[in-house]
Structure formats: C-alpha cells, structure tokens
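**Q** Before we start, here is the structure in question, set down as structure tokens.
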Amino acid sequence: MTDEEKRSILGKSIVPNLYYRLDDYKYVDTSKDRVLSGIRELDYNTKGFEMGCITIWTGFTNAGKTTVMTMLAKKTIEQGERIFFFNGEQTKEDFKNNLYIQSSEKKDIVKKMFRNSCVEDVFVKQEKAVLLDKLYGNKIYIYNNEASRKIENLLYAMEELRRTQKIRVFFLDNFMQIDMKSDNIFQEQTDIMEKLRTFAVNKKVHIHLVAHPRKIERFQTRLNLYDIAGSSNIVNKAYNIISILRVDTIKQDSKSLEKLQKQLLEERYNINEVDTVLEILKTKGERCGLVGLKYIKELKTYVEAAKISRVEYEKEIYNKGDGLPW
Numbered sequence: 003m004t005d006e007e008k009r010s011i012l013g014k015s016i017v018p019n020l021y022y023r024l025d026d027y028k029y030v031d032t033s034k035d036r037v038l039s040g041i042r043e044l045d046y047n048t049k050g051f052e053m054g055c056i057t058i059w060t061g062f063t064n065a066g067k068t069t070v071m072t073m074l075a076k077k078t079i080e081q082g083e084r085i086f087f088f089n090g091e092q093t094k095e096d097f098k099n100n101l102y103i104q105s106s107e108k109k110d111i112v113k114k115m116f117r118n119s120c121v122e123d124v125f126v127k128q129e130k131a132v133l134l135d136k137l138y139g140n141k142i143y144i145y146n147n148e149a150s151r152k153i154e155n156l157l158y159a160m161e162e163l164r165r166t167q168k169i170r171v172f173f174l175d176n177f178m179q180i181d182m183k184s185d186n187i188f189q190e191q192t193d194i195m196e197k198l199r200t201f202a203v204n205k206k207v208h209i210h211l212v213a214h215p216r217k218i219e220r221f222q223t224r225l226n227l228y229d230i231a232g233s234s235n236i237v238n239k240a241y242n243i244i245s246i247l248r249v250d251t252i253k254q255d256s257k258s259l260e261k262l263q264k265q266l267l268e269e270r271y272n273i274n275e276v277d278t279v280l281e282i283l284k285t286k287g288e289r290c291g292l293v294g295l296k297y298i299k300e301l302k303t304y305v306e307a308a309k310i311s312r313v314e315y316e317k318e319i320y321n322k323g324d325g326l327p328w
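Numbering (the numbering used here), first residue to last: 3 to 328.
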C-alpha cells in the first residue's frame, strides 16, 4: 500500500522515517536520470541537467537568455522528453517562430519585408512549418499568459502536465514575471524559490529558471553569484547557476576583454571564434568554467565554438610569454 493510499484511509499524513541505517537500502550503481544540453563542454562541466534540481540562467539584457532557453528546449525534446514553457515576456507566436527557425536549415528560411520599408521579418517556409507542427505539436506545452501568473497557478499547471503528460523538464522565463502578492518582495521570492525547489526535488524533475541581474555598477561587464536579483536564497537553492555573456558587449582594448581572452584561452577557445560565453558560476557537477558558443544568425541559435588544438594552445601561451600552466 502506498503512502497516498494510507493517507486516504487514515485521513492523516504518514510521518516518514527520520533516519536510515546504511544497510537499510541498496548501493546504486546506475547513472542519475538527466537530460543533456547538446553542448559537450557544458555537459561535461555540469554533468548534464539532473532530475530533482534547478538551474538558474542569468545575463544582461539582450545577452541571449531566451535564445539559449529555446535551444535547450529543442535539445531536450530530441532526447525523447516533453517540455513545459512559461514565457513571461515572449508571445506564444514569437516562441513558436523562434523555435521553428532554430529547428530549420538555411534553405527553409524565408524573409519578408514589412510594406515598403527596411524592416525585415524572418519565418520558415510553410511546408517546413507543417513538418515541425507534427514533430513538436504534442511535445511542448506553453503557459497561457492571459491566466494568473501566481506561483500556485503555475505549479498547478506544472503538476497536471507532469502527471498527465509525463513532463519532467520545465522552462520558466523568467522569475520576475511570476506575480508577487506581498510588499515583502525578498521574502516572497524566497518562498517561491522554495516551492519550485520542493517541486523539483519531490517530483524528480528539472527546472530551468531565468533570473535577471540586479542593478550593478555602470562599468561592470561580468556577473557573479551575488548579482542575481532577489534574495540570496534564490542562489542557495539552485544546483547550477550559469551566466550568459556576449563578447561584443565588452569594450575593445579593455582589461575586462583581456582577462576574458586569457580565461577562454585556458579553456582552449580562441576569443575571435567566440560570440557568446556561458560562464558556470556554480555547479554541483564537475567544475565551474567558461564555454564558448558561436551564434548562427540566420537560424537564431548557437553551436559550441571549436576548440583550438593543444599545439595551437601551447603556441599561444608561448607567444604571450605567460609560460605553460603545467
């Protein structure tokens, strides 16, 4: 008899065991359940996105957070999962168009001029859209933005889809779009994060949560853990925290760009071949570090930047006069 059946009969909660003896349960030698990003270096560093966890994504305005979320959604579905998407700022039509563009090839793209202006919109051809409707139609569920955005409503929808559609991966873009109902914003953010974490842990799902940075110093170019807007409890309850940084937003010939160039080189990326950087600020996986991405403008998506060879790496180090790190 399950605990739920016992509760139904007894009309009260069953108190769980407060402790176990080591030989009460078996040693497990199977891999944890997870989904991958499809970006090899990111998957190595984080050990993938394990079920029962939350990953926070942050970055400056226009850093590419929504683009990365859409890319991850596509990669998640390719692994046989269904997904839930909460788009706080993006319309359902824009989400569908961006997903379809990312899922196409250049030959599938069509550009349309708005009236007799210089404004250009990008779409996929209708025949491609029909194919993608069949591919994604029953695999993606999008929250209705016309409904209340209270955390209770959001979690109700998430639980219903988890139970009825077996959805295990949830995208919430973004945290600040969840309705707050009290004046104590920090406390409410803490409560919301605790509810999301409890849902992730108890239901064995993974939540990708976009969180904006707080207001920072004018000349700051990179974020740290303490730059995420809201209560520190948000950071503490996340399994992974990843910042998204566009290289072209850093001033040329600055100390910040020089430092980033050196750190990317240590990861064997040539900064001239990198458009965007994923900086892993926190993980319980393998290690923190930088992952270089290349932006494919026509398809509005990213691929991992190519790494330089060990020979090229050693040559770069010698040329800079820094010596080898080993």
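Glycine is no exception: its CB is placed at the ideal position from the N, C-alpha and C atoms.
Apply the 10 Å Cβ neighbour rule to Ala308 and answer buried if 16 or more other Cβ atoms are within range, or exposed otherwise.
**A** Exposed, since its Cβ has fewer than 16 Cβ neighbours within 10 Å.
**Q** Just to confirm before moving on: does the CB-CB distance between Tyr145 and Leu157 stay below 8 Å?
**A** Result no, Cβ atoms of Tyr145 and Leu157 do not sit closer than 8 Å.
**Q** Looking only at its own chain, which residues have a Cβ that is under 6 Å from the Cβ of Glu52, when we skip the five neighbours before and after it?
**A** Lys34, Arg36.
**Q** Starting from Ser245, follow the beta strand (DSSP E) in both directions and report where the run begins and ends.
**A** First-last of the beta strand (DSSP E) with Ser245: 242-248.
**Q** In three-state DSSP terms, what is Arg224?
**A** Arg224: coil per DSSP, three-state reduction.
**Q** Quick one: residues in its chain with C-beta nearer than 6 Å to the C-beta of Ala310, no 5 flanking neighbours on either side, listed in chain order?
**A** The sequence shown places Ile at residue 310, not Ala. Contacts found: Arg270, Asn272.
**Q** If I measure Cβ to Cβ from Lys130 and keep anything under 6 Å in the same chain, skipping five residues before and after, which residues do I get?
**A** Counting only Cβ-Cβ distances below 6 Å, and skipping sequence neighbours, we find Ser106, Asp110.
**Q** Could you check whether the region 52-68 touches the region 231-243, counting it as contact only if at least three pairs of C-beta atoms, one from each stretch, sit closer than 8 Å?
**A** Flag = yes, the region 52-68 and the region 231-243 touch.
**Q** Just to confirm my understanding: we take Val203, look at its own chain, exclude 5 residues before and 5 after, and list those with CB closer than 6 Å. What are they?
**A** Only Gly54 meet the Cβ criterion.
**Q** For Phe188, report the span of its beta strand (DSSP E) as first-last.
**A** From DSSP, Phe188 is part of no beta strand (DSSP E) but of the alpha helix (DSSP H) over 187-205.
**Q** With a floor of 3 residues, list each beta strand (DSSP E) that falls wholly inside the region 80-144, ordered by position along the chain.
**A** DSSP runs (the beta strand (DSSP E)) wholly in the region 80-144: 85-89, 111-115, 122-126, 142-144.
**Q** Give the secondary structure of Lys296 by DSSP, where H, G and I count as helix, E and B as strand, and everything else as coil.
**A** Note: Lys296 maps to strand in three-state DSSP.
**Q** Taking DSSP as the reference, what is the three-state secondary structure of Glu219?
**A** Coil, per DSSP.
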